Amino acid sequence: MSYAMRRASELALDETTVTALRAALKTTADEVVQAIIDEVPPYAHALSGRMGATIRRAVRTALGHYLDLASGNATGGDAGDAAYELGRGEVRDGRSMDALLSAYRVGARVAWRCLAAGAVPAGLPAAEVAKFAELTFAYIDELSAASAAGHADELAARGRAHERHLEHLARDLLAGASPDVLLASGQRARWQPPVSLTAVLLPAAQARPAYRTLDPSTLVLDDLPDATGVLLVPDADRSRLLRQLTDRAAVVGPARPWTHASASYARALRARSLSSDIRDTEDHLPELVLSADVDAFADLRARALAPLQTLPAATARRLEETLRAWLLHQGRRDEVAAALFVHPQTVRYRMSQLRELFPDLASPHRVLELTLAVGPRVR
1044 MSYAMRRASE LALDETTVTA LRAALKTTAD EVVQAIIDEV PPYAHALSGR MGATIRRAVR
1104 TALGHYLDLA SGNATGGDAG DAAYELGRGE VRDGRSMDAL LSAYRVGARV AWRCLAAGAV
1164 PAGLPAAEVA KFAELTFAYI DELSAASAAG HADELAARGR AHERHLEHLA RDLLAGASPD
1224 VLLASGQRAR WQPPVSLTAV LLPAAQARPA YRTLDPSTLV LDDLPDATGV LLVPDADRSR
1284 LLRQLTDRAA VVGPARPWTH ASASYARALR ARSLSSDIRD TEDHLPELVL SADVDAFADL
1344 RARALAPLQT LPAATARRLE ETLRAWLLHQ GRRDEVAAAL FVHPQTVRYR MSQLRELFPD
1404 LASPHRVLEL TLAVGPRVR
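For what it's worth, the working numbering labels the leading residue of the sequence shown as 1044, then goes sequentially.
Structure, rendered in structure tokens:
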């Protein structure tokens, strides 16, 4: 049994008092609504027209249930259900629970004043007036609690629905859906499209903690295959983003127009497949370019370095290292020697060998081919 029902069981309103109070219900309801309009700003314009008529009927119904409870003729359950639905409706109308609780407080005060004004002349004994006051405020407390529960449940349901819409949008982005599909998904999720998105790969367990440190509009998924999480960060300041992820095992893709976020995601995936040490894909563009077609790179390398295959493995390895340093340092012998930790004369000797193996070493086309062939190794 609720507290209000216990208070009602201790109160004995006679038929004369109940009849007098019911006669004042319409006036009481109107005064309650007007006081709420006057004293609770969020309702200043919300209780006019059809909405106002609906609320007035709801107030009269609640007061009627209250009198049924006070006279021992009702359980009050219907009013509690209505209060629960009222709390849910306040979420849909964009009002906070604070506004509704303020309305309840104002309503309780005005209703008590009006009801007491009717009960005392009807002959309600003074001892019963105190019990009547307790019942009034206990009843309002229970309605408030029911509305608060409805408000919280509606917020939670909307939060879950919003979360699902955001996840659906993130999946559409990663899948490379068409701009029309992405715009529709964004509108359902009430998500404002940015100029660009940057994909970040990291372990699924780190996705949500990392997300909480980033822009609130960041999209997050933490249930991808291989326990992978992904963040899609809007209009990221790259340097700041990398600093924020310093302690995370993250791979950061390039910024791309938001409708092409799948390209950022694809690059981050490819970078992770190359090496677990890559964090910023922008620092590894040569490796990523050379890994775009692994078979083509292998064929290029085999053809370009074929002359080295005639030599012992150790010799071929030394000459390839020298060739790489020579190409990178544009033939500056002292710099090549320093890079290889050998004497400049050693560089001169090895380059003589290489020029015999590659007679066209000065050809721009050959230089391009060899530069690619001895570039970063691709697994």
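Where a beta carbon is used, it is the ideal one built from N, C-alpha and C, also for glycine.
Bear in mind the structure is a predicted one, so any value in this text is a computation, not a measurement.
Please say whether residue j and residue i have beta carbons closer to each other than 7 Å?
| i | j | result |
| --- | --- | --- |
| Asp1265 | Gly1272 | yes |
| Gln1182 | Tyr1254 | In the sequence as displayed, the identity of residue 1182 is Tyr instead of Gln. Their beta carbons are not under 7 Å apart, which means Tyr1182 does not touch Tyr1254 by this criterion. |
| Val1102 | His1194 | no |
| Glu1330 | Leu1343 | no |
| Leu1198 | Ala1126 | no |
| Pro1236 | Gly1229 | yes |
| Ala1151 | Phe1180 | yes |
| Ala1270 | Ala1247 | yes |
| Cys1157 | Thr1062 | no |
| Ala1293 | Val1243 | yes |
| Pro1355 | Leu1400 | no |
| Arg1393 | Thr1365 | yes |
| Ser1190 | Leu1129 | yes |
| Pro1222 | Ala1142 | no |
| Glu1412 | Ala1347 | yes |
Hey, could you find the ends of the alpha helix (DSSP H) residue i is sitting in?
| i | result |
| --- | --- |
| Arg1299 | Taken as a continuous stretch (DSSP letters only), Arg1299 belongs to no alpha helix (DSSP H), being part of the beta strand (DSSP E) at 1294-1300. |
| Ser1316 | 1304-1317 |
| Glu1378 | 1376-1383 |
| Phe1340 | 1337-1347 |
| Arg1322 | From DSSP, Arg1322 is part of no alpha helix (DSSP H); its letter is neither H nor E. |
| Arg1393 | 1387-1400 |
| Asp1136 | First-last for Asp1136: undefined, no H or E at that position. |
| Leu1218 | Going by the sequence as given, residue 1218 is Ala instead of Leu. Here Ala1218 belongs to no alpha helix (DSSP H), and DSSP marks it neither H nor E. |
| Leu1370 | 1356-1371 |
| Ala1072 | 1068-1082 |
| Pro1329 | 1328-1333 |
| Leu1413 | 1407-1416 |
Nearest CA to the CA of residue i: which residue from the options?
| i | options | result |
| --- | --- | --- |
| Arg1291 | Val1075, Leu1225, Ala1250 | Ala1250 |
| Leu1397 | Ala1359, Ala1298, Ser1305, Tyr1147 | Ala1359 |
| His1208 | Leu1262, Leu1158, Ala1188, Arg1156 | Leu1262 |
| Asp1336 | Ala1347, Val1379, Arg1313 | Arg1313 |
| Ala1154 | Asp1124, Leu1383, Val1076, Ala1347 | Val1076 |
| Ala1078 | Ser1145, Arg1131, Asp1141 | Ser1145 |
| Gln1287 | Arg1299, Asp1323, Pro1268 | Asp1323 |
| Arg1283 | Thr1256, Asp1403, Arg1156, Phe1401 | Thr1256 |
| Arg1315 | Trp1301, Arg1131, Gly1296, Pro1300 | Gly1296 |
| Leu1240 | Ala1232, Leu1275, Thr1059, Val1224 | Leu1275 |
| Arg1367 | Arg1281, Asp1136, Gly1107, Leu1404 | Leu1404 |
| Ala1100 | Asp1111, Lys1069, Gly1137, Arg1201 | Reading the sequence as shown, one finds Arg at residue 1100 and not Ala. Closest option to Arg1100, Cα to Cα, is Lys1069. |
| Asp1280 | Ala1176, Asp1223, Ile1080, Ala1298 | Ala1298 |
| Arg991 | Glu1082, Ala1087, Ala1382 | Residue 991 cannot be examined here, being either before or after the span of the chain that is shown, 1044 to 1422. |
| Asp1184 | His1386, Arg1201, Gly1123 | Gly1123 |
| Arg1138 | Leu1178, Ala1176, Ala1087 | Ala1087 |
| Ala1232 | His1211, Pro1252, Leu1245 | His1211 |
| Asp1258 | Pro1268, Trp1234, Glu1058 | Trp1234 |
| Ser1114 | Ser1334, Gly1132, Arg1065 | Arg1065 |
| Pro1407 | Ala1382, His1386, Leu1370, Leu1383 | Leu1370 |
| Asp1205 | Ser1260, Arg1391, Val1224 | The residue you asked about is not Asp; residue 1205 is His in the sequence shown. Ranking Ser1260, Arg1391, Val1224 by Cα distance to His1205 puts Ser1260 first. |
Check whether chain B comes within 7 Å of residue i, counting only Cβ atoms and requiring the distance to be less than that.
| i | result |
| --- | --- |
| Leu1317 | The displayed structure is made up of one protein chain only, and chain B is not part of it. |
Length at least 3, wholly inside the region 1224-1301: the beta strand (DSSP E) runs in chain order:
1239-1246, 1262-1267, 1271-1277, 1294-1300
Hey, is the region 1302-1309 in contact with the region 1215-1233, meaning 3+ C-beta pairs nearer than 8 Å?
These segments touch.
Is there contact here, the region 1407-1416 with the region 1373-1383, by at least three beta-carbon pairs under 8 Å?
no
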